[in-house]
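In our numbering, the protein residues as written are 9 to 226.
Structure first, then comments.
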Amino acid sequence: MFELYAAWGQGCVACSTPVETRRPGLEGRLCLACRQQLPTALTELRRLPPWIAAGWSAGGYSGLLGGLVRAAKYGGQEGVLAEVGAFLAEQAAHYDWPQDFDAIAPVPGTVARRLARGFDPVMVLARHLPGAVGAPLDCAISRRGGAPQAGQSHAGRLANVRGAYTAKKRVSGHWLLVDDVLTTGATASACALALREAGAESVCLLVLASSSASVQTL
């Protein structure tokens with residue numbers, strides 16, 4: 009399994025191999041071998057629940073991007089995630105979206121996890137997207153306290169998110185929901201349903217790393 013070994017700024021952030029060239033952005037932090045593992049385009053997700061119109065992922069959770077996300081979330085590497093967010097925005101800027109979006113909604117984490125980390129991983133990613141997608145960020149979804157999804161069984165993940173997410177206000181138009189990782193899809197499904205119930209005409213999904221090409225319905 010991919011893990012992040014090097015500290016930020018000391019060789020390749022993926023494998024600690026000396027970086028032979030300083031390119032801008034995330035590529036400049038990776039050695040040639042790891043740089044070649046970067047995805048080149050967004051991949052469409054399949055088997056979406058009816059309240060998610062379409063979905064895309066930048067890469068697999070078991071690969072390079074997933075390892076960078078784990079390092080950032082569990083190792084306090086906010087700088088890594090900021091570079092990854094800029095990479096995601098670049099992918100989004102070059103994608104031929106099927107529609108225009110009125111707003112971008114980051115999936116919210118719990119207050120406790122945000123305070124413990126000192127940052128919100130999804131917000132670090134999402135703040136790079138408005139210019140690439142052409143829509144403003146709108147933190148329209150709230151989450152009640154609860155157990156983290158990580159480490160939960162499939163059934164536990166589904167039960168953990170039922171009723172956990174609500175919209176803070178009435179909304180309208182077409183929304184792009186953003187999350188860092190997609191596993192069972194329970195969180196994305198619950199957030200999309202909350203937006204649709206609050207009045208969104210449609211909700212699409214963009215995730216950085218996915219462990220599957222399918223999203224499970226609640």
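Yeah, the Cβ is synthetic: ideal placement off N, Cα and C, and Gly gets one too.
The structure presented is a predicted model; accordingly, all values stated were derived computationally and were not measured.
- Within the model, the alpha-carbon separation for residue 134 versus residue 27 is close to 27 Å.
- Counting along the chain, residue 87 sits inside no beta strand (DSSP E); it lies in the alpha helix (DSSP H) bounded by residues 86 to 101.
- Taking 8 Å as the cut-off, the Cβ atoms of residue 185 and residue 77 do not count as close.
- Around the beta-carbon of residue 173, 16 or more other beta-carbon atoms lie within 10 Å, marking it buried.
- Contact between the stretch 134 to 149 and the stretch 95 to 103 is present: 3 or more CB-CB pairs across the two stretches fall below 8 Å.
- The three-state secondary structure of residue 73, taken from DSSP, is helix.
- Rounded to whole angstroms, the gap between the alpha carbons of residue 129 and residue 32 is 22 Å.
- DSSP, reduced to helix, strand and coil, places residue 66 within a strand of the structure shown.
- In the DSSP assignment, residue 113 forms a beta bridge with 185.
- Cβ neighbours of residue 219 within its own chain (closer than 6 Å, five residues either side excluded): 69, 191.
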